[in-house]
Each structure stands twice: as structure tokens, then as C-alpha cells.
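Asks: Take a look at this one; I'll ask things after.
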Amino acid sequence: MSHLKDISLEYESAEITSIFLFNRKTKKKTNLLTVFELVPTEQQPSLMIGDKSNYYMKREAVDDIYTVHITRLIALPVEEAIAKYEKIEEGLNLHYDTLNVDIEIPFLLEQEPPNYFNVLIDSKDEKTLGRILPKRNTCLRVWSKLNTDKEWLQSYDKKLLEKLTKISTGYLGYDLSAIAEHIGNVYLCAANPFLRKWDSSLVDKEKELLISFHERTGKSIIGCTIVLEEERSKNIGFTITKTITDTDQRIALPYFPDGLNKRIYDPSGQLIEKFYGKWCNIQINMSIQESIVNLNVETEKGIEVYSVPKTSRVSKSTIGKFDLSTARYLRNALNSRRFEELESNKEFIFFPNLETSKAKAQSTVRELLNKANERCIILDPYFGPSDLPYAFTIENISIPVRIISSAVVLKMRVETILPAKKNRFQKFCLFFTKSSIETKNVKTNAELLNENIENFKTAYRSQKIECKVLKGKKSPLHDRYIVIDDDVYLLGSSLNEFGSRATTIIKVPTPIKMIEQAEEWWADKNCPYLKDFIIKGED
108 MSHLKDISLE
118 YESAEITSIF
128 LFNRKTKKKT
138 NLLTVFELVP
148 TEQQPSLMIG
158 DKSNYYMKRE
168 AVDDIYTVHI
178 TRLIALPVEE
188 AIAKYEKIEE
198 GLNLHYDTLN
208 VDIEIPFLLE
218 QEPPNYFNVL
228 IDSKDEKTLG
238 RILPKRNTCL
248 RVWSKLNTDK
258 EWLQSYDKKL
268 LEKLTKISTG
278 YLGYDLSAIA
288 EHIGNVYLCA
298 ANPFLRKWDS
308 SLVDKEKELL
318 ISFHERTGKS
328 IIGCTIVLEE
338 ERSKNIGFTI
348 TKTITDTDQR
358 IALPYFPDGL
368 NKRIYDPSGQ
378 LIEKFYGKWC
388 NIQINMSIQE
398 SIVNLNVETE
408 KGIEVYSVPK
418 TSRVSKSTIG
428 KFDLSTARYL
438 RNALNSRRFE
448 ELESNKEFIF
458 FPNLETSKAK
468 AQSTVRELLN
478 KANERCIILD
488 PYFGPSDLPY
498 AFTIENISIP
508 VRIISSAVVL
518 KMRVETILPA
528 KKNRFQKFCL
538 FFTKSSIETK
548 NVKTNAELLN
558 ENIENFKTAY
568 RSQKIECKVL
578 KGKKSPLHDR
588 YIVIDDDVYL
598 LGSSLNEFGS
608 RATTIIKVPT
618 PIKMIEQAEE
628 WWADKNCPYL
638 KDFIIKGED
């Protein structure tokens, strides 16, 4: 906490912006998000929210009980704001003119980083904290108190999130409900106390770096330290440390840099600014529009007209003459082998149209399925009786194997031929005619799949295999994918033909939405179990 008190002298005032949930029955006000900001010299204060007539608040009614409120206090004493942040677990009182609210924090908050240390972020580019904090021309020092257990939020319905979306987008410029990890949290942020902004450029035939510091009134960057660290093909090149002696400082470089990390430290050694940049050539292609082609296409809805502009390229210009081919030679060679690395890690695998591809592709799918420890779901709208061996070969019997197929395929009728039982007379006839008696049997794919599952259960009861059916003339599922714990793999074709033709397996980088969709389908009452589908059909 001492560090927070030390920096209080560097700022002129403070602001608090808070979104809270008001229970009109109990009069309880619960924090949904609170942001403290320490305001340096020359920074314009934020606008108040509301006025005296509405108690300096804006609100959105959720239902007969709950209302979402947003309010903001400005021009607060810095030490008072810091004290409120330090004791936020005890609650937050906001008082100004007709505004007087006590906001509760009924859930656990964890300081991040611990012991009231801060992180430094670029508020314009950073994608976690930067999404919900004010946008400034310099970096922000950020202290966080995080509510990591959002179980309390599950008791509220979607209406709360809808109103939270409306009020946060309207007054803060982002949708808080879409980034629910920030709901319930408390943040303290502070821009660079010395600089309004700073920039740099290469001069003297790219041998020196000119850095211009734009100081705040009454503040001086002189005496602070700047560190330049080159990143060369993702390795560390040169490092230069200089004391700042001028607002326009030139620093000689040993050679033209690939990428450059720039960091500024205050006299006490605290990091207050950072920036990473690379120099690159910009290529501009210029084209001339030759014509517009209007194409009439007949569809189910009638004739649709598509207007397509046609262009031709007339010139290509390049801005910059930077040659970094040598610096990036080894890295480029490594990148050329990226395909093999992705295949080895099961992130992207291409199976070409070769004789060996089908066996390799199916073996790879079985290998992925056998990685499951907590969850295993196979989603394939064409999953049928012949695909069940994929489920049979899963070794881990501790988790159920869940299959989601579609009515489009499972209601199809197929003809199977079974050898008939023969009496003595038939056998006598067959001996002379050399023919056979067979019985044609017609069943649906659903019936055959269910029989195979039941046969497996009879042979081995310890492993649970279940199947549910997506109903409809058109399956709501088109692509094929498998869910393995918290990973998702997208398959280029259905399992029944997987590897027969050129196809792929792709590991989805952010699979949460696909997992949620799979679980939603599985929990849907309109998605029946296979047995129920056989009995009731699509009714």
C-alpha cells in the first residue's frame, strides 16, 4: 500500500465510475464494475453522468425488482480515492450533492498483482484490461481487485445482461456483458504523470533514434531513464540504457534495428512507459475500375441482381527500403517448417488423396478421442451405424461417449440382406440348384445404430455410449467436430468417409462457443435420445 500512497503526489485529482445492481425490495446495491482513475495534470476531466434531477445516475430497469445504475464522481481528492480503493472490500460510499449511495461487495476480491503492485498496459492495444479502462495517449498503471468466482452471477437471468449491455455501451463504449470476466471487479488506473505523449523516429540515415517527449505542465521527464532493447528475429539484439537529458533526445544506434522495445523508468525505478515497434515496408497496389457487371441469378425468392465491379491493377508502389532479409533468415527457415510442427501437435493436419490417407486419418481421430479425460462428444450430422467403431475404440470408460447425429440421416431406410434359416427340404433343393435363400430386411439407420449400441452394452456394460438426434428437414449442424475435454477439433468431412478424399483436421483456437453449442444441443428437450426418436420419430 505504501507505493500507492507514494504516487498520490504525482496526480491532481481522482474519478470513480461505478455500475451497480439495485434491489428495490431489499434496498441492497451490489457492485457490477467500479473503476478508479487518478488524473494527472492537463488531463481533461470526464463528463458527469446524469444531473441533480436524477441524482447523478442513469438507470435501466431489469424487472420489478432489479435496476442497473451507473454513476461517476469527478474531482475527488487523490488520497481519498486511494483509501476507498484500498478498503473497497468493506463497501463503497459515493456522495455528491443529491447522490448518496452505499455499494456492497458481497463476494471475494483478490488483489492482482499481489501486495498492491501494478501492471503497465497500453490502453489502446491491450485486449484484457485495456478493453474496459479509459483510452489515454500514454500507458496506464493498473491495480486490480478481481472477483474470479462468478457463481453469484448465475442467479440472475438474461435480462440483467441485456440491460448491462445497454447501459455500458451507452456510457462506457463497450459491452460489459460480453466480457463477463470483468463483472464484479474493481480497478484503479493512472496515466503517465510526466508525459502527455511521446514519439520516436529514425534520423541521420537511420543511424540515430530521435525521441520527442511532450511533458505535462509543471512536470519534467529529465532524470528519468530510457532503455532500448532490440528484438531481432525474436531474439535479443542490442540493449542501450540512457538517462533522459532533453525533451528531444537523440540516441545513436549500433545498426538498423529489427524490432525495438522502448521502456521509460521514473527516478525511483518504477516502469511508467513502454512501447514496441517494428520498421517495415508498405506496399500499395493501385487499380482502375474497368466496368460493373450486373448478374441476374434466379433463386427460390425470385431474381436477384448482383453488381460486381471489375478492376485491373495499373501500378504497385513500395514505401520504405528496409532490408531485414538477413536478420530474419533463420526465423523464416523455421517458419517454413511450421506445417510439420502443427501436424505433430495435432493443430492442423492435412490428409492428401493417397492410398494411406484413410487409415492414417481414422487412426488420428481415434487417437484424439482417446485423449478425453472429462468430456467426449462426437458431432456429425451424417453419423450412422458404420461409424460406431469410433466410439467403441475409446479406452477411457470413466466418461460417457456422447454422439449427436441428425434426423436427416437416421430416418433413412436401408436394406440389409440376412441369410435365412433353412429346413431340411430347402437344404435338399439348394444342394441341387446351388442357389441360396436370403431374407431382405429393411430398417432405418436409427434402428441399426441403436441395435449396435445395445449389442455393445450387452458385451460390455461398463462403458456408456449415448446418442441424441437433431431434428428437422435440414440439420442445424453442418460441420463435423469432436469435443475432447476443453478442446475442439474440426473435421473436414464426415466420419463415414473420413480420409477417403483429401481432408483436414483443425484444432479450433477458441472453442468455447462450439463447446457451449454442443452442450446446449445435448440439453435441449427437442433433441431426443436415439431410442425416443425411433419410437416417436420427429413428432
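Just so you know, we're using our numbering here: the sequence shown kicks off at 108 and counts up by one.
For glycine and all other residues, C-beta sits at the position ideal for the given N, C-alpha and C.
As the structure is a computational prediction, the values presented were derived from the model and not from experiment.
Could I get the ranges of all uninterrupted beta strand (DSSP E) runs contained in the segment 423-497, with 3 residues as the minimum, in chain order?
Replies: Qualifying beta strand (DSSP E) stretches, in chain order: 455-458 and 483-486.
Asks: Sort LEU247, VAL185 and TYR162 by Cα distance to ASN207 and report the nearest one.
Replies: The residue with the shortest Cα to Cα distance from ASN207 is TYR162.
Asks: Between which two residues does the beta strand (DSSP E) containing TYR203 stretch?
Replies: Unbroken beta strand (DSSP E) run through TYR203: 199-203.
Asks: Where does GLU217 sit, in a helix, a strand or coil, going by DSSP?
Replies: Residue state, collapsed to three classes: strand.
Asks: Would VAL615 and LEU597 be called neighbours here (beta carbons separated by less than 8 Å)?
Replies: In this structure, LEU597 lies closer than 8 Å to VAL615 by Cβ.
Asks: Counting Cβ pairs, one atom from each stretch, are 3 or more of them under 8 Å apart for the segment 259-268 and the segment 295-311?
Replies: Not touching, per the Cβ criterion.
Asks: Name the DSSP beta bridge partners of ASN401, please?
Replies: Looking at the DSSP assignment, ASN401 forms a beta bridge with SER414.
Asks: So, using beta-carbon positions, are GLY491 and LEU437 closer together than 8 Å?
Replies: In this structure, LEU437 does not lie closer than 8 Å to GLY491 by Cβ.
Asks: Does the beta-carbon distance from ASP365 to LEU431 come in below 8 Å?
Replies: For ASP365 and LEU431, yes; Cβs fall inside 8 Å.
Asks: Quick one: residues in its chain with C-beta nearer than 7 Å to the C-beta of PHE563, no 5 flanking neighbours on either side, listed in chain order?
Replies: Taken in chain order, the residues that qualify are PHE499 and ILE572.
Asks: Thinking CYS296 and VAL249 are a contact (beta carbons under 8 Å), I'd like their distance in whole angstroms, please.
Replies: Right, the Cβ-Cβ distance comes to about 5 Å (below 8 Å), so this counts as a contact.
Asks: In or out: VAL421 buried (at least 16 other Cβ within 10 Å) or exposed?
Replies: The residue is exposed, with fewer than 16 neighbouring Cβ atoms inside 10 Å.
Asks: How do the segment 574-583 and the segment 513-520 stand: do at least 3 beta-carbon pairs fall below 8 Å, yes or no?
Replies: Touching, yes, given that three or more Cβ pairs across the two stretches are closer than 8 Å.
Asks: Please go through the same chain and pick out, in chain order, the residues whose beta-carbon is closer than 8 Å to the beta-carbon of LYS304, but skip the five residues on each side of it.
Replies: Correct list, in chain order: ASN244, THR245 and HIS321.
Asks: Which ranges does the beta strand (DSSP E) cover as unbroken runs of at least 3 residues, wholly within the segment 325-354, from first to last along the chain?
Replies: List check, beta strand (DSSP E) in window: 332-339 and 342-350.
Asks: If you follow the alpha helix (DSSP H) that LYS653 is part of, which residue opens it and which one closes it?
Replies: The structure shown has nothing for residue 653, since the chain only spans 108 to 646.
Asks: Would you identify the three-state DSSP class for LEU183, choosing helix, strand or coil?
Replies: Here LEU183 sits in strand by DSSP.
Asks: So is ASN633 buried or exposed if we call it buried at 16+ other beta carbons inside 10 Å?
Replies: Counting Cβ neighbours within 10 Å, ASN633 comes out exposed, since fewer than 16 surround it.
Asks: In chain order, what residues of the same chain have a beta carbon less than 6 Å from the beta carbon of LYS465, not counting five sequence neighbours either side?
Replies: Closer than 6 Å at the Cβ level, and outside the excluded window around LYS465, lie GLY606 and SER607.
Asks: Determine the contact status of GLU450 and ILE456, defining contact as a CB-CB distance below 8 Å.
Replies: Contact: yes.
Asks: Hey, would you say ARG370 sits closer than 8 Å to LYS385, going by beta carbons?
Replies: For ARG370 and LYS385, no; Cβs fall outside 8 Å.
Asks: Closer than 8 Å is the cut-off here; do at least three beta carbon pairs connect the segment 110-126 with the segment 274-283?
Replies: Flag = yes, the segment 110-126 and the segment 274-283 touch.
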